[in-house]
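I have placed the structure first, in the form of structure tokens, so that the comments after it can refer back to it.
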Amino acid sequence: MPTIPSLQVQEALAGATEVAMETFQAMATIRSFAHEAGAAERYHQRLRHVYRLEGKDAVTYAATLWASGFSALGLKLGLLCYGGQLVATGTITTGDLVTFLIYQIQFTEAVEVLLCYYPNMTKAVGSSEKIFEFLDQEEQVAPAGTLVPDVLQGHLQLEDVWFSYPEHQEPALVFGHGDLLSKAAAGGKVLKYLDQEPTGDAGGTRAPATLRGHVAFQRVSFAYPTRPDHLVLQDVSFELRPGEVMALAGLNGSGKSTCAALLERFYEPDAGEVLLDGVALRDYEHQYLHRQVVLVGQEPVLFSGTIRDNIVFGLEGCGEEEVTAAAAAAGALGFISALDRGFDTDVGEKGGQLSAGEKQRIAIARALVRRPTVLILDEATSALDGEGEAALQQWVRSGGTRTVLLITHCPRMLEAADRVVVLERGAVVEMGTPAQLRSRHGPYSRLLQRSPGAGQQETPGMGCGEQGPAPAPGAAPVEQEIFGASRAGRVVLLVTGKVALAARAQRVAVLEGGRLHELESPEELLRPGSRYWQLLQGGGQGGTTGDGDTGKEGEGQ
Numbered sequence: 001m002p003t004i005p006s007l008q009v010q011e012a013l014a015g016a017t018e019v020a021m022e023t024f025q026a027m028a029t030i031r032s033f034a035h036e037a038g039a040a041e042r043y044h045q046r047l048r049h050v051y052r053l054e055g056k057d058a059v060t061y062a063a064t065l066w067a068s069g070f071s072a073l074g075l076k077l078g079l080l081c082y083g084g085q086l087v088a089t090g091t092i093t094t095g096d097l098v099t100f101l102i103y104q105i106q107f108t109e110a111v112e113v114l115l116c117y118y119p120n121m122t123k124a125v126g127s128s129e130k131i132f133e134f135l136d137q138e139e140q141v142a143p144a145g146t147l148v149p150d151v152l153q154g155h156l157q158l159e160d161v162w163f164s165y166p167e168h169q170e171p172a173l174v175f176g177h178g179d180l181l182s183k184a185a186a187g188g189k190v191l192k193y194l195d196q197e198p199t200g201d202a203g204g205t206r207a208p209a210t211l212r213g214h215v216a217f218q219r220v221s222f223a224y225p226t227r228p229d230h231l232v233l234q235d236v237s238f239e240l241r242p243g244e245v246m247a248l249a250g251l252n253g254s255g256k257s258t259c260a261a262l263l264e265r266f267y268e269p270d271a272g273e274v275l276l277d278g279v280a281l282r283d284y285e286h287q288y289l290h291r292q293v294v295l296v297g298q299e300p301v302l303f304s305g306t307i308r309d310n311i312v313f314g315l316e317g318c319g320e321e322e323v324t325a326a327a328a329a330a331g332a333l334g335f336i337s338a339l340d341r342g343f344d345t346d347v348g349e350k351g352g353q354l355s356a357g358e359k360q361r362i363a364i365a366r367a368l369v370r371r372p373t374v375l376i377l378d379e380a381t382s383a384l385d386g387e388g389e390a391a392l393q394q395w396v397r398s399g400g401t402r403t404v405l406l407i408t409h410c411p412r413m414l415e416a417a418d419r420v421v422v423l424e425r426g427a428v429v430e431m432g433t434p435a436q437l438r439s440r441h442g443p444y445s446r447l448l449q450r451s452p453g454a455g456q457q458e459t460p461g462m463g464c465g466e467q468g469p470a471p472a473p474g475a476a477p478v479e480q481e482i483f484g485a486s487r488a489g490r491v492v493l494l495v496t497g498k499v500a501l502a503a504r505a506q507r508v509a510v511l512e513g514g515r516l517h518e519l520e521s522p523e524e525l526l527r528p529g530s531r532y533w534q535l536l537q538g539g540g541q542g543g544t545t546g547d548g549d550t551g552k553e554g555e556g557q
């Protein structure tokens, strides 16, 4: 069996490896919050822990070698003394003593050779224990049966189902093996990557006490390094005034997210300038810039740790009241308060213990707690239910001096903006207020017509991307496939946090707090007093299912 220090080294090295993997996978998020130094220090701490444990293991190994050496020397001295007495008394001959000593030396050398392999053997045993522990895990879901019918009706039933997620997810199969030099070399590679200088200008020293939040794109052109001949942005010019909510609209691939990346200074423009309060972004100090300009993306990145750790990520001196206020503004306080440990709940690896909507709310709270001067929301409401969307809109509108850049396909969010800039193939084709752009019947109007629910009367509680009973003529092919006549004979189970989509299902299951409250047709659920009716009436601009999950069961016609 491996020694205790050796097992501890295995665990510590696995932890350091997990930190390195998590850091590499979330590099953009770490940079956007100017937390590179914190990420490097976190890995340094894990390596220092490994180093201390390796030192203990080395001391144990050295003590073993010294003990074996002194034992061998003592054995030789004892044999010589005792054998000499036996030779002197004539019990054995001198040749017998010499022969025995030669055998003893050969045996000792063999033992010493085995001791040389002892460290590698203990590490191999420790690693194999991890592997066998992983292989010996019992399946939490029963293995598949043997039933393979020729015809399947698709009739689904859930009968008296109880379920809870494990308190802690099982860690990935990550283990370390090898000697100290190989580990130090691997650690050196990681630190070299973390400490490398950016290819462009690392940033200036400007950090003014106040920032108005005036953003200007001046004839910006840009192509990604992997495709230098393909311009993603072509001569783009627009400005965000202080306190203004401006939306970027356009089809996929039009360059909206690229504008956000340039404003976050992930890249430098190939031509033109991106200015903040009339000063080029490269002149601002790196950490200052990313405290003032904060991005919330469509795919939130969470780190292993608690909800609190993720909200205050990279932010020092953040109090409890600030964390709570940010969670409330992001619409996350409700589900956090319902958890047994509240803000101290472990989110699991990459936030795996939370739903997509919950992760997105925490990511939004992480941005709001910083009180940024410029807030970028890049499809940040894609996984939110109506309640979360309404809470975010209220927060956006509550800050008179906050500049907000919305990147969205959601008609409601577009219409809530002060101004809209429409991009097509990397170029600005339209700019103005939503009312002005609608009156022109140009690209913006066509975008609205292509959005789900275009031209339909809005239902109370309807969230972004929702629509009435019939598919819109311009609806996406996937929606037409789900809700159109082509679904005849097919079972569709739609899980969503947006209530109005239920109007297009044949039956609606309303869940709250993990319990089934109602299961009827949409028409029957519209009676006053039903939970579904309360959600529609109380959801404001976005009705929800309480915990963000509404199941709609559409049975084949």
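Mapping to UniProt numbering: the sequence shown position 334 is 334, numbers consecutive.
Glycine included, every Cβ here is placed at the ideal spot set by N, Cα and C.
DSSP three-state assignment for residue i, whether helix, strand or coil
| i | result |
| --- | --- |
| residue 579 | Outside the displayed span of the chain (1 to 557) sits residue 579, for which this structure offers no information. |
| L405 | strand |
| A209 | coil |
| S221 | strand |
| V323 | helix |
| E170 | Because E170 sits at a pLDDT of 47, beneath the cut-off of 50, its placement in the model cannot be relied upon, and the point is left open. |
| T17 | helix |
| H441 | coil |
| Y103 | helix |
| T23 | helix |
| E159 | coil |
| E555 | Any reading at E555 is ruled out, since the residue's pLDDT is 38, under 50, leaving its predicted position unreliable. |
| V9 | helix |
| T61 | In the sequence on display, residue 61 carries Tyr and not Thr. Of the three classes helix, strand and coil, the one that applies to Y61 here is helix, per DSSP. |
| A271 | strand |
| Q287 | helix |
| G154 | coil |
Spatially closest choice to residue i from the options, by CA coordinates
| i | options | result |
| --- | --- | --- |
| A330 | A365, S304 and L281 | A365 |
| A367 | R308, T91, G243 and G38 | R308 |
| A110 | L77, T91, G69 and V87 | G69 |
| A40 | E11, R504, G314 and A216 | G314 |
| V510 | R490, P528 and Y532 | Y532 |
| A62 | E22, V50, E112 and T91 | E112 |
| G204 | C318, G55 and V279 | V279 |
| S398 | R412, V495, L423 and R371 | R371 |
| L384 | R504, A332 and E430 | A332 |
| E349 | T23, V9, L73 and L281 | T23 |
| F335 | G514, L406 and V429 | G514 |
For residue j and residue i, the rounded distance between their alpha carbons
| i | j | result |
| --- | --- | --- |
| G426 | L375 | 22 Å |
| H441 | H409 | 18 Å |
| S521 | H155 | 17 Å |
| Q234 | R241 | 22 Å |
| L152 | G352 | 33 Å |
| Y284 | R206 | 4 Å |
| residue 602 | E138 | Only positions 1 to 557 of the chain appear in the structure, and residue 602 is not among them; the question remains open. |
| S254 | Y224 | 14 Å |
| L79 | M121 | 31 Å |
| Q534 | T345 | 30 Å |
| L86 | E129 | 50 Å |
| V508 | Q360 | 25 Å |
| T324 | E316 | 16 Å |
| H57 | E389 | His is not the amino acid found at residue 57; the sequence shown has Asp there. Each residue's Cα considered, the two are about 54 Å apart. |
| L114 | R46 | 31 Å |
| A249 | E273 | 21 Å |
| R527 | V296 | 39 Å |
| F107 | S71 | 13 Å |
| D160 | A503 | 26 Å |
| A88 | G95 | 13 Å |
| N252 | E424 | 9 Å |
| E239 | S337 | 40 Å |
| Y117 | Y43 | 30 Å |
| G55 | M21 | 25 Å |
| G357 | L494 | 16 Å |
Presumed contact (8 Å Cβ cut-off) between residue i and residue j, rounded CB distance
| i | j | result |
| --- | --- | --- |
| S392 | T403 | A quick correction: the sequence has Leu, not Ser, at residue 392. About 16 Å; that fails the 8 Å criterion. |
| L275 | Q218 | 7 Å |
| D378 | V245 | No, D378 and V245 are not in contact; Cβ-Cβ is about 14 Å, not under 8 Å. |
| residue 592 | A326 | No information on residue 592 is available, as it lies outside the stretch 1 to 557 that the chain covers here. |
| T373 | L211 | 5 Å |
| P434 | V420 | 6 Å |
| V9 | V50 | 7 Å |
| A247 | L406 | 4 Å |
Min CB distance residue i to chain C below 8 Å
| i | result |
| --- | --- |
| A58 | No chain C appears in the structure shown, which is made up of a single protein chain. |
The segment 19-29 in contact with the segment 297-308 per 3-pair CB rule at 8 Å: As far as the Cβ criterion goes, the segment 19-29 touches the segment 297-308, which means the pair count is three or higher.
Contact between the segment 225-232 and the segment 286-294 (3+ Cβ pairs under 8 Å): No, the segment 225-232 is not in contact with the segment 286-294.
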